Amino acid sequence: MHELAPERLAAFVTVLADRLASDEELELVLAGDVIDFPAIPECCRFTPNPETACGKLERTVRSRRFAPAFRALAAHLAAGHRLTVLLGNHDPELALPQVADAFIAALRARPHDVLMLTDGRAYRTGGVLVEHGNRYDGANRNDWDGLRTIASALSRGEEPPLRLRVSPAAPSSRGSSIRSNPAIPSSTCCTRRASW
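Going letter by letter, the sequence shown gives residues 18 to 213 in the numbering used here.
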């Protein structure tokens, strides 16, 4: 949502169903960067702690700026339409089981109401291939193997066994055991400001 104004997304989602023919089904595919986690204070490239990431998600969902978009997505699901979410380079935290659960709960949905593609796969529907595209830019690639390992451990209540490699062009996680690039000090944090 960080590239599309939330009010425009809300309006778009709201009118989609009005355009359906009676025999059509509706699936909305969000192609990544649904939550701009690095822009939410404490700003960092990746928020490895699920509790902290859930807090960032909650602040976004409840903010005046983004709440209308989340209400529209919840209404979309409540009407029986489908929602598919791919991860991008700004929201790998959605791969963490606790964060994915919180995201689905924020949409007032059940786990099987939303298809979450959290492993770097592209999504095909009909003749359309949907992907975030960050895999084509080395500065914005996600470490899918590392992310799967971390999510797997967290899903079992275990401590993640490794550090996640995140984009070297972005700051590292502040105060985290997960670092992006050893050349960047762990105290480095992004300076973008957002109103949450």
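Virtual Cβ for every residue (Gly too), placed ideally from N, Cα, C.
Note that the structure is predicted; figures quoted are calculated from it, not measured.
The Cβ-Cβ distance between A84 and T31 does not fall below 7 Å. Judged by pairs of C-beta atoms under 8 Å, the segment 163–181 does not touch the segment 123–131, as fewer than three such pairs exist.
The residue from P67, L94 and D130 with its alpha-carbon nearest to that of D108 is P67. R141 and D130 have their C-alpha atoms some 18 Å from each other. Our two residues, R62 and A70, have alpha carbons roughly 12 Å apart in a direct line.
DSSP assignment within the segment 143–181 yields the following whole beta strand (DSSP E) runs of 3 residues or more, N-terminal first: 145–147.
R25: member of the alpha helix (DSSP H) spanning P23 to L33, first to last residue.
In the three-state scheme derived from DSSP, where H, G and I count as helix and E and B as strand, V131 is classed as strand. Assigned with DSSP and collapsed to three states, E44 falls in strand. T64 has its alpha-carbon roughly 10 Å from the corresponding atom of L111. Between N151 and the set D162, A139 and F120, the nearest pair of CA atoms involves A139.
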